[in-house]
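Residue numbers (the numbering used here): 138 to 327.
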């Protein structure tokens, strides 16, 4: 863990910005402890709690309760699946730093998406982009998300490029399967 120099940006945003630009030294801005892992989950859990509270306040209590398992799976499945793959490949010593950086860096995607939508909107108003621009934006953001996950796996867990690809595929497909099952179960029980 590196300490932040006086007068510099806090470690987590600095690490996120470095990683967003493909600079692996950004991983040094994240702690590798169980507590740091729990802290990295708090934004997602906070949004989940806020959404559930809003739905309950609006009288949609059953709908809110039915969505909680799927949302929890989206938040937690990547941690469980990546840990198991890291353990399988003998990289569990690197896992805390990887997963803490992974959890925080997922917040780059909506921020970048928002900036791109603003840019696309301005370009459309200026007549520079046609109606297909949003599709290009979505595909581009999806490709960037896959690259970001690969980059974090490659450098955070010190994996070969091929194993990092397998981790990204396994975590994403595994998360989709778990979320699908959790949503189906909560719908059938509700």
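Glycine included, each C-beta is placed from N, C-alpha and C at the ideal position.
query	result
Please go through the segment 261–309 and give each complete beta strand (DSSP E) segment of 3 or more residues, from N-terminal end onward.	none
For residue 151, does the three-state DSSP call read helix, strand or coil?	helix
Put residue 191 into one of helix, strand or coil per three-state DSSP.	helix
Where does residue 312 sit, in a helix, a strand or coil, going by DSSP?	helix
Suppose the cutoff is 8 Å on Cβ atoms and the five residues either side in sequence are ignored; what does the same chain contact list for residue 319 look like?	206, 207, 209, 210
Whole angstroms are fine: how far does the CA of residue 267 sit from the CA of residue 233?	44 Å
Can at least three beta-carbon pairs, one atom from the segment 215–225 and one from the segment 306–319, be found at a separation below 8 Å?	yes
Name the two residues that bound the continuous alpha helix (DSSP H) containing residue 163.	Looking at the DSSP string, residue 163 is not in any alpha helix (DSSP H), and its letter there is neither H nor E.
Tell me the rounded alpha-carbon separation between residue 290 and residue 312.	16 Å
Quick one: what does DSSP say residue 232 is sitting in, helix, strand or coil?	helix
CB residue 250 to CB residue 278, shorter than 8 Å?	yes
Give me the Cα-Cα distance between residue 184 and residue 264, rounded to the nearest whole angstrom.	36 Å
Using only the alpha-carbon positions, how far apart do residue 166 and residue 322 sit?	39 Å
According to the neighbour-count rule (16 or more other Cβ atoms, all chains shown, within 10 Å of its Cβ), is residue 186 buried or exposed?	exposed
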